[in-house]
Each structure stands twice: as C-alpha cells, then as structure tokens.
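Before any comments, here is the structure.
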Amino acid sequence: MSEGLQVENLTAGYGKNAIVHSVHLKAALGTSTVIIGPNGAGKSTLLKAIFGLNKVFSGSVKIGDRDITGISTDKLVSLGMAYVPQTGNVFPSLTIRENLEIGGYGEAKHSKGQMEEVFAIFPDLLKAAKRPAGTLSGGQRQMLAMGRALMSNPSVLLLDEPTAGLSPAYTKTVWEHILAIAQTGKAVVVVEQNATTALTLADWAYLLVAGENREEGPAGELLSRPDIGKMFLGH
Ligand SMILES: Nc1ncnc2c1ncn2[C@@H]1O[C@H](COP(=O)(O)OP(=O)(O)O)[C@@H](O)[C@H]1O
Ligand SMILES: [Mg+2]
Numbered sequence: 029m030s031e032g033l034q035v036e037n038l039t040a041g042y043g044k045n046a047i048v049h050s051v052h053l054k055a056a057l058g059t060s061t062v063i064i065g066p067n068g069a070g071k072s073t074l075l076k077a078i079f080g081l082n083k084v085f086s087g088s089v090k091i092g093d094r095d096i097t098g099i100s101t102d103k104l105v106s107l108g109m110a111y112v113p114q115t116g117n118v119f120p121s122l123t124i125r126e127n128l129e130i131g132g133y134g135e136a137k138h139s140k141g142q143m144e145e146v147f148a149i150f151p152d153l154l155k156a157a158k159r160p161a162g163t164l165s166g167g168q169r170q171m172l173a174m175g176r177a178l179m180s181n182p183s184v185l186l187l188d189e190p191t192a193g194l195s196p197a198y199t200k201t202v203w204e205h206i207l208a209i210a211q212t213g214k215a216v217v218v219v220e221q222n223a224t225t226a227l228t229l230a231d232w233a234y235l236l237v238a239g240e241n242r243e244e245g246p247a248g249e250l251l252s253r254p255d256i257g258k259m260f261l262g263h
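For the sequence shown, counting from 1, position 104 maps to 132 in this note's numbering; every step adds exactly one.
Rendered as structure tokens:
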C-alpha cells in the first residue's frame, strides 16, 4: 500500500520511557480503522506519537511513501494529517464558525470552501454557527472538533475517543459521521473505548495490549472472536 498512513516498528513514549513497543499500523485511504485495548494500553500515546507530540525512539511513520517521522506538527498538518485529542479540542468561548476558521489552513478563500464541506457533513454545526462552542452538548462538541480538524483537508485523520462520555445513541451518530468522512477518501484512525460499537462499524481494527500489537483484522472478524469478546469486550 503506498497511500494512507503506515506506521512501522514504532517505539515511543515520554521522557526516557517507551510506552508503545515496535507497533505497526496501516490505514488505507477511504477506510476507518479502530484501535481498541484496555485502559493504559498506550492507545493515546500511539496517536500522539504518530502526530509528533511525544518522543519517538525508533520506527517510522509515513503518509503514502513520504516518511514523516519526527516532523513538526505544523508541517504534518500541511502534509495532510490532523489529530483530535480526547479533551480540550474546541475553544469554548469562540463561536462554532470561529473554531472552524482557526482550523483552516492556507488561504482564506480556500478555507471558505472547506467550511462549506464541513457544514455539509455536519449540518447541525451550520445551524449553530454563531453560538459559542461552550454552549454545545458533549456530542456536538466532538462533531465540532472533528469539523475543525477537517478544515485543513487532511488525508489522515486521527481521533482519540470521540465518543467518550456520550450516550449509545450519540455514539452511533458520531460513528455515522466517521464513516461518512472516511467515504470522502480519507484514512480515519479512531481510538475507542466503546469497542463493540466501533468494531461493528469500522472497516479494520487493531487490538493494542501493554503497548504492543495483539490482534488485527477486519473489525467484524475481531468482534466475532469469542476470546476477544470475553477478554476485551465484556461479552
Ligand atoms: N504525559 C505522560 N507522561 C508520562 N507517562 C504517561 C503520560 N501520558 C500517559 N502516560 C502513561 O502511558 C501509559 C499509556 O497511557 P495511554 O497512552 O494514555 O493509554 P490509553 O490511551 O490506552 O488508555 C500509561 O501507563 C500512562 O501512565
Ligand atoms: Mg487514551
């Protein structure tokens, strides 16, 4: 595969401590990939390492054939990667429109077209465009955070627990948007605690345990494995 995201042998962590060890992950354009695993498995650390936010000890991260390991976050955005952290992903005192403008990259006129695309995916954001983001519900805020990340028109979108704290109904709504975003040709990589829902809907899945790859495959296949269900999904 020469397009999308490719992570090979990535060892990364904080300070002198490696948290994820020789991890590999691929995410093709036009697909959704979910990363599941117990609390503390290193899922967030992996996403941050991919986005250049913590220390990479060895291994590589590529977008297509381009090696982007260790490149600054600003540059990564210009090369087509976007990341939405689990919390603190919108500016509460700014309006929805202002939040989206901040996410824009490049020329203002380009940004305007991009905003229209974001509003087409998230019509609710358009309705509330003038409201401060702080007045949104948790689910709407996650939509805004995703919308903001889309403003730079990334080919690779990384989402850390976009459904944390949401109701099952809203979790499904967020996932419907994730799938719609993937269908526009992007590689969407999602860390999820709501593993059953995610495995039902995503294309491909990775199970990370203690900072290492444990399982991977078509998401539905992992979901139907009795051993995975019992140990990691509470089935
Ligand atoms: N900023 C940090 N500094 C040092 N260690 C951290 C930091 N953030 C997380 N860790 C450690 O990394 C490990 C994995 O955490 P994390 O990647 O957040 O797991 P997950 O997202 O799978 O729950 C944990 O042991 C955690 O204590
Ligand atoms: Mg996490």
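A virtual CB, placed ideally from N, CA and C, is assigned to each residue, including glycine.
Being a predicted model, the structure only gives us computed values, none of them experimental.
Reference residue i; option with closest CA among the options
{"i": "V202", "options": "G167, Q142, E126 and I64", "result": "G167"}
{"i": "E240", "options": "G80, L33, L57 and G41", "result": "G41"}
{"i": "N117", "options": "L104, L164, I91 and F147", "result": "L164"}
{"i": "T61", "options": "K83, A215 and R169", "result": "A215"}
{"i": "N67", "options": "Q34, S106, D188 and P160", "result": "D188"}
{"i": "F150", "options": "G141, G132, I130 and L172", "result": "L172"}
{"i": "S50", "options": "G80, K44 and L74", "result": "L74"}
{"i": "N34", "options": "G87, K83 and V48", "result": "A quick correction: the sequence has Gln, not Asn, at residue 34. That would be G87, whose Cα lies nearest to the Cα of Q34."}
{"i": "R159", "options": "P120, P196, E129 and Y111", "result": "P120"}
{"i": "T97", "options": "Q114, K76 and P113", "result": "K76"}
{"i": "T225", "options": "I64, E144 and K140", "result": "I64"}
{"i": "L153", "options": "G132, S139 and E126", "result": "E126"}
{"i": "V105", "options": "G262, I130 and S72", "result": "I130"}
{"i": "R94", "options": "G141, F147 and G32", "result": "G32"}
{"i": "Q114", "options": "E36, G193 and H52", "result": "G193"}
Neighbourhood of residue i by C-beta distance below 8 Å, restricted to the same chain and skipping five residues each side
{"i": "A238", "result": "A69 and G70"}
{"i": "P246", "result": "D231, W232 and A233"}
{"i": "K83", "result": "A40, G41, Y42, G43 and A77"}
{"i": "S100", "result": "G80"}
Close beta carbons around residue i, own chain, < 7 Å, minus the five adjacent residues each side
{"i": "M29", "result": "Note on M29: pLDDT 46, under 50, position unreliable in the model; the coordinate value appears next. Excluding positions up to five away in sequence, the list reads K54 and A56."}
{"i": "E243", "result": "L235, L250 and I256"}
Closer than 7 Å: residue i CB and nearest ligand 1 heavy atom
{"i": "N222", "result": "no"}
{"i": "A230", "result": "no"}
{"i": "G65", "result": "yes"}
{"i": "K162", "result": "A small fix is needed here, since residue 162 is Gly in this sequence, not Lys. No, ligand 1 has no heavy atom inside 7 Å of this Cβ."}
{"i": "I78", "result": "no"}
Cut-off 6 Å between Cβ atoms - residues of its own chain near residue i, not counting five sequence neighbours on either side
{"i": "V217", "result": "A55, T61 and L186"}
{"i": "P190", "result": "Q170 and V202"}
{"i": "G213", "result": "L57 and G58"}
Could you name the residues whose beta carbon sits closer than 7 Å to any heavy atom belonging to ligand 2, keeping them in chain order? K71, S72, Q114, D188, E189 and V219
Segments of 4+ residues assigned as alpha helix (DSSP H) that fall wholly inside the region 143–189: 151–155 and 166–178
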